[in-house]
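For reference, the structure discussed in these notes is given below.
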Amino acid sequence: MAAAVLYNAWVLEAVLPTGLDPRHSYVSELYAADQPFHTLFGGIETVTALLVAAGALPRPHRPAAGRWFLVAFAAASVADVIVPMRCAPSVNTACEVVNPWHTTTSALAHAALFGSMALLVAASVTDRARWPLIRRWGPWVLGAALLTAVSTVGPLFGHPGWHGLPQRAHLTLVGVWLALLAMSLRRQGTGGR
3 MAAAVLYNAW VLEAVLPTGL DPRHSYVSEL YAADQPFHTL FGGIETVTAL
53 LVAAGALPRP HRPAAGRWFL VAFAAASVAD VIVPMRCAPS VNTACEVVNP
103 WHTTTSALAH AALFGSMALL VAASVTDRAR WPLIRRWGPW VLGAALLTAV
153 STVGPLFGHP GWHGLPQRAH LTLVGVWLAL LAMSLRRQGT GGR
């Protein structure tokens, strides 16, 4: 559950003087190399990734493919921090909108995330007794997360602006997904009580 909360630590931008407009900036800009809270947000992203990886450790009755996609998601998230955006393009017009390395690690993180979601939702359909929360809510969260993720790509195609809101909605949905996983694992650990 801690990973679900930490994944949405971007809400700290409401109280920290980041200088970024959440409507028009990517959350990755919070830990861009030239930003004042680079270390804070990069550290939170790394801790979150480690928690996700730890939660994906082998457990009985847990689908292996979905678990490995979660590990890949965590690894790509750490890579996101290792190769951050050089600067924040939403406030610095000289900054490149597409940083190739960061864009690649972000794309890998999303591919792994959506892979884990799809595989674990599919597993919940075949193993109905073990994954009722994922079976009930997973398809909705997956669909909404895909829609909001697609809504964030405007700047990559030369159409910046208003991508920050759908991205933050997307990150909230990822937090919901991580919370669903945590609650499902907790229910399994207590025999479904």
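The sequence shown begins at 3 in this note's numbering and counts up by one.
Yeah, the Cβ is synthetic: ideal placement off N, Cα and C, and Gly gets one too.
Check	Outcome
Straight-line Cα distance separating Ala131 from Arg189	11 Å
First and last residue of the uninterrupted alpha helix (DSSP H) at Thr128	Pro102 to Thr128
Nonlocal neighbours in the same chain, by C-beta distance under 8 Å from Pro162, ignoring five residues either side	His26, Pro91, Ser92, Val99 and Gly156
Leu144 versus Val17 - alpha carbon distance	30 Å
Which listed residue (Leu187, Gln169, Met119 and Gly177) has its alpha carbon closest to that of Tyr28	Gln169
Assigned exposure category for Ala66 - 16 Cβ within 10 Å defines buried	exposed
Where Gly160 falls, given that 16 or more other Cβ within 10 Å makes a residue buried	exposed
Rounded separation between Met87 and Glu15 - CA only	17 Å
Cβ pair Gly117, Phe43 closer than 8 Å	no
Given Thr154 as reference, the closest of Gly57, Pro24, Val123 and Thr20 once Cα atoms are compared	Pro24
Inter-residue Cα distance where the pair is Ala56 and Trp164	34 Å
Environment of Leu176 [buried if 16+ CB atoms lie within 10 Å]	The residue asked about is misnamed: residue 176 is Val in this sequence, not Leu. Answer is buried; the Cβ neighbour count reaches 16.
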